[in-house]
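Numbering (the working numbering), first residue to last: 1 to 826. The beta carbon of each residue, even a glycine, is placed where N, CA and C say it ideally should be.
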Ligand code: SF4
Ligand code: SF4
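What follows is the structure, given as structure tokens:
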């Protein structure tokens, strides 16, 4: 039964921008903490199970007219339930396409779905990829934590199905759809186990949700005065802070932001006006779902899509009360020193029979403690340790970079900043890897030995160290180690985790290889242990000794083989068991082939140097040996034959000549910053294949195209990504919390803001390239260039406008995109 419509008490206030659309009112799980079925409000019993075609059409129309009348740039629609996937693909497609059709030309549509994940399969993901629908999944932590509440009605666990669904989103082509995880807190669960298990699923964002409670139905606590919820979150906050805030956690991000005068990212905190309405399967407008915990009928507004425009809802007293900032709070909250960050907590959590919502949150003591703790830790963090190196780009150089160009002088601060970043990452690997019980003691001892050598090289030959660290795949390795070190899976002891520890120990051992390569470059002596990876001993940027797998290692239960490397001024000796090979240091450093002495036991070996591609004024490593190079979008080729390398050299020299002659504006930055080319396997049907990777600064990966002009284009295009990635490592150009997807004119699927910015920046150069080709060619080649120029110019110009109107650019980002716009303005 719905309550009679309450007429608005005031004129329209803040327009609504977020719509929670219930597409199915039942669920395939029976979580005992569910606010839909287990809370005071039981209105779900009288609702249709699935949203009807009529409600869909009227809803889309209402949202469009509301957006139009308020001139909204964008609206967010969250497909919700019950369990929204129970509505089925056909009904979801209908919902999505109706919304898209109604909002086309009106405003941008940010579509999401919140699901328990158990039904999520490739078919749903295909549908969501087609329409850019981002997927948030509810998961309460590790298996034990999740099984505590999130079960089927017959008691079965949902954990395996949910993690399988997350696996679908984490990898490959659906990655951009992965919006994050929603975790309801239970203080009976170990907070760090919950945190680590969620982080191991690689979520772009985590939302920790306080269980819904009111003063009439307070949360579970050991004692009335305890602040266990604060303690639970503080344990995670401290870990998150120590790890460098690598993930986005909405609660913490909001508090950090509001403490600094910024906005909150959740209605559970801060003083941002509420702009959310729920639309039920029968078309009823309701207030926030969480109000179901307050009392039966609490979320009702008495209005619906058939009889009322959305402006009616904005005038509802319950919505207005959540739009008045501090003035809408009780006296205690108004006088509270942390009110700007807290905002009285979630509206629902303030309810008490008699005084309604004019109370502090039932989590008041927890919120106060959490916010003051975070406030106290932030200055401490800022003050702790030596001042970090700072890097800035000269104004004229920055302007050239923003326009899509920039020369060697503009590259210099980017290169220096990357060096600082890499040193910080190495320090992070060392600290995390030598933390108690991170990896076995032997692996820690090798890590310490490598660190000692590196610090000695840093003291005596810093340039040699810098040269080794500039190898693009050192950062890829460091990030991989840090990702593995984050979830402390290694202390739990089952077989998978044993394998994880072994893999991590081998990865950490690569620091010895970095130290050995740097020692050779510095002419210093050192003895280091290095893991044998895929049958080879790798020296980053120099090459690898391919030794083949040893039978003894194969039968040793999977433990990795280890080589001992003795570096001296004139010779580098590599020993594995009884076998030993000697390599002249000068040959190693020159990139030449090394005659390798046969090992005493006859074990075969071949030194495979990193070969250099050269052109006038440029030397670039052709990297086909590094074990961490396969980090680009496409598969890395195995080691090239001499004939294949010779072909690369011919094409590279010709491509470089083309760049210097016709596209000289890009040559200076390429000569300064392009250090590495990594051969990729060619795609099917002869498509061009090339890529850059955010963590591989200085590297461009490509399948060798048939003609050098195309290689020149690929180099220029991909190096744009390298430049912009380095700029983004230095400056915030957009709000990183914005996880919407945007239309990119050159792709069928929608892209996150960073992806769109990267693509647009790269296509500035592509447009420029074809503009030049149009001028310097004749006949059919000029016609083709003119067509390509027209297409890329239009695409890039449109994408610039999408970026400019995203509403998520920082002031610097707005300036940067404006400079990009100048480059595509005729
Ligand atoms: S999955 Fe969500 S809607 Fe379904 S029972 Fe659990 S909490 Fe409720
Ligand atoms: S900490 Fe308590 S008193 Fe302060 S704003 Fe939050 S709920 Fe209100």
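> By a C-beta neighbour count over all protein chains shown, 10 Å radius and 16 as the cutoff for buried, is residue 627 buried or exposed?
Replying inline: For the purposes of this step, residue 627 is taken as the residue at position 627 of the chain shown. Buried, since its Cβ has 16 or more Cβ neighbours within 10 Å.
> If you draw a straight line from the C-alpha of residue 587 to the C-alpha of residue 462, how long is it?
Replying inline: Start at 1 with the first residue of the chain shown, and residue 587 comes out as number 587. Start at 1 with the first residue of the chain shown, and residue 462 comes out as number 462. Straight-line Cα distance between these residues: approximately 22 Å.
>> Does the beta-carbon of residue 105, which I'm using as the reference point, lie nearer than 7 Å to any heavy atom of ligand 2?
In response: As a first step, residue 105 must be located in the chain shown, where it is residue number 105. Not under cutoff, so the answer is no.
> Hey, residue 189 and residue 148: beta-carbon distance below 8 Å or not?
Replying inline: If you number the chain shown from 1, residue 189 lands on position 189. If you number the chain shown from 1, residue 148 lands on position 148. Yes, they are a contact pair.
>> For residue 145, count the other beta carbons within 10 Å of its own beta carbon; 16 or more makes it buried, fewer makes it exposed. Which is it?
In response: For the purposes of this step, residue 145 is taken as residue 145 along the chain shown, with counting starting at 1. Burial of residue 145 is indicated by the presence of at least 16 other C-beta atoms within 10 angstroms of its C-beta.
>> Once DSSP output is grouped into helix, strand and coil, what is the label at residue 257?
In response: As a working mapping, residue 257 is identified with position 257 in the chain shown. In the structure shown, residue 257 sits in a helix (DSSP, three-state: H, G or I).
> Should the segment 270-284 be called in touch with the segment 232-250, which here means at least 3 C-beta pairs below 8 Å?
Replying inline: no
>> One question on the structure: do residue 742 and residue 418 come within less than 8 Å of each other, judged by their Cβ atoms?
In response: Numbered from its first residue, the chain shown carries residue 742 at position 742. Numbered from its first residue, the chain shown carries residue 418 at position 418. Result no, Cβ atoms of residue 742 and residue 418 do not sit closer than 8 Å.
> When burial is assigned at 16 or more other CB atoms within 10 Å of the CB, is residue 625 buried or exposed?
Replying inline: As a position in the chain shown, residue 625 is number 625, starting the count at 1. Looking at its Cβ environment, which holds 16 or more other Cβ atoms inside 10 Å, residue 625 is buried.
> Sorted by chain position, which residues of the same chain lie with C-beta nearer than 6 Å to residue 605's C-beta, five sequence neighbours on each side aside?
Replying inline: Position 605 of the chain shown, counted from the first residue, corresponds to residue 605. Counting only residues of its own chain and dropping the five nearest sequence neighbours on each side, residue 605 has a CB closer than 6 Å to the CB of 545, 547, 581 and 596.
>> Let me check you understand the geometry: is the CB of residue 357 closer than 7 Å to at least one non-hydrogen atom of ligand 3?
In response: Ligand 3 is absent from the structure shown, which contains only ligand 1 and ligand 2.
>> Any contact between the segment 80-97 and the segment 323-330? By contact I mean 3 or more CB pairs, one from each, below 8 Å.
In response: no
>> Measuring straight from C-alpha to C-alpha, what distance separates residue 502 and residue 451?
In response: One-based indexing of the chain shown puts residue 502 at position 502. One-based indexing of the chain shown puts residue 451 at position 451. Each residue's Cα considered, the two are about 20 Å apart.
> If we call anything under 8 Å between Cβ atoms a contact, is residue 680 one with residue 701?
Replying inline: Reading the chain shown from its first residue, position 680 is the one you call residue 680. Reading the chain shown from its first residue, position 701 is the one you call residue 701. Going by C-beta atoms, residue 680 is nearer than 8 Å to residue 701.
> Around ligand 2, which residues pass a check of Cβ closer than 6 Å to any of its heavy atoms?
Replying inline: 332, 333, 336, 338, 339, 342, 344, 345, 360, 361, 364, 367 and 368
> Is it true that the segment 700-718 meets the segment 730-749, where meeting means three or more beta-carbon pairs spaced less than 8 Å apart?
Replying inline: no
> So, helix, strand or coil for residue 547, using DSSP?
Replying inline: As a first step, residue 547 must be located in the chain shown, where it is residue number 547. Residue 547: coil per DSSP, three-state reduction.
>> Give the list of continuous alpha helix (DSSP H) stretches no shorter than 4 residues that lie fully inside the segment 296-351.
In response: 310-314, 317-320, 331-334 and 339-342
> Since residue 227 contacts residue 293 with CB under 8 Å, what's their CB separation in whole angstroms?
Replying inline: Residue numbering aside, residue 227 sits at position 227 when the chain shown is read from its first letter. Residue numbering aside, residue 293 sits at position 293 when the chain shown is read from its first letter. Approximately 21 Å separates the beta-carbon atoms of residue 227 and residue 293; this is outside 8 Å, ruling out the contact.
> Mind checking residue 60: buried by the 16 CB within 10 Å criterion, or exposed?
Replying inline: Taking the chain shown and counting its residues from 1, one reaches residue 60 at position 60. Its Cβ being crowded by 16 or more others within 10 Å, residue 60 is buried.
>> Given this structure, state the Cα-to-Cα distance separating residue 405 from residue 666, to the nearest angstrom.
In response: Mapped onto the chain shown, residue 405 falls at position 405. Mapped onto the chain shown, residue 666 falls at position 666. Taking the straight line from one Cα to the other gives about 7 Å.
> Given residue 821, which residues of its chain have a CB within under 6 Å of its CB, disregarding the five upstream and five downstream residues?
Replying inline: Start at 1 with the first residue of the chain shown, and residue 821 comes out as number 821. The answer, listed in chain order, is 800.
> Taking buried to mean at least 16 other C-beta atoms within 10 Å of its own C-beta, is residue 558 buried or exposed?
Replying inline: The residue you call residue 558 lines up with position 558 of the chain shown. Here residue 558 scores only 47 on pLDDT, less than 50, and its place in the model should not be relied on; the value that follows carries that caveat. When all chains shown are included, residue 558 counts as exposed.
> In whole angstroms, what separates the C-alpha of residue 212 from that of residue 251?
Replying inline: Numbered from its first residue, the chain shown carries residue 212 at position 212. Numbered from its first residue, the chain shown carries residue 251 at position 251. Taking the straight line joining both Cα atoms gives about 15 Å.
> Going by beta carbon distance, what residues of the same chain come within less than 6 Å of residue 690, once the five residues before and after it are set aside?
Replying inline: Along the chain shown, one-based indexing puts residue 690 at 690. 702, 714 and 718.
> What residue range is occupied by the uninterrupted alpha helix (DSSP H) comprising residue 88?
Replying inline: In the chain shown, counting from the first residue as 1, residue 88 sits at position 88. Per DSSP, residue 88 belongs to the alpha helix (DSSP H) from 88-103.
>> For residue 374 and residue 340, what's the separation of their Cα atoms in angstroms?
In response: For the purposes of this step, residue 374 is identified with residue 374 of the chain shown, where counting begins at 1. For the purposes of this step, residue 340 is identified with residue 340 of the chain shown, where counting begins at 1. Answer to the nearest angstrom: the Cα atoms are 14 Å apart.
> Who are the near neighbours of residue 669 in its chain, counting only those whose CB is closer than 8 Å to its CB and skipping five residues on each side?
Replying inline: As a first step, residue 669 must be located in the chain shown, where it is residue number 669. Hits under 8 Å: 405, 406, 407, 408, 410, 411, 719 and 723.
> Which whole runs of the beta strand (DSSP E) in the segment 203-287 are 3 residues long or more, in chain order?
Replying inline: 205-209, 276-279 and 284-286
>> Going by C-alpha to C-alpha distance, which of 508, 272 and 757 sits closest to residue 827?
In response: This structure cannot speak to residue 827, because the chain is shown only from 1 to 826.
> Who are the near neighbours of residue 126 in its chain, counting only those whose CB is closer than 6 Å to its CB and skipping five residues on each side?
Replying inline: Sequence index remark: in the chain shown, residue 126 carries index 126 (1-based). Closer than 6 Å at the Cβ level, and outside the excluded window around residue 126, lies no residue.
> How would you call residue 63, buried or exposed, if buried means at least 16 neighbouring beta carbons within 10 angstroms?
Replying inline: Locating residue 63 in the chain shown gives position 63, where the first residue counts as 1. Its Cβ being crowded by 16 or more others within 10 Å, residue 63 is buried.
>> Nearer than 7 Å: is that true of the beta carbon of residue 37 relative to any heavy atom of ligand 1?
In response: Position 37 of the chain shown, counted from the first residue, corresponds to residue 37. The closest heavy atom of ligand 1 lies less than 7 Å from the beta carbon of residue 37.
>> What residue range does the beta strand (DSSP E) around residue 178 cover?
In response: As a first step, residue 178 is located in the chain shown; it is residue number 178 there, counting from the start. 178-184 is the extent of the beta strand (DSSP E) around residue 178.
>> To the nearest angstrom, how far is the alpha carbon of residue 527 from that of residue 564?
In response: Residue 527 sits at position 527 when you count from the first residue of the chain shown. Residue 564 sits at position 564 when you count from the first residue of the chain shown. Computed Cα separation, rounded: 7 Å.
> To the nearest angstrom, how far is it from the Cα of residue 420 to the Cα of residue 618?
Replying inline: Numbered from its first residue, the chain shown carries residue 420 at position 420. Numbered from its first residue, the chain shown carries residue 618 at position 618. Rounded to the nearest angstrom, the two C-alpha atoms are 24 Å apart.
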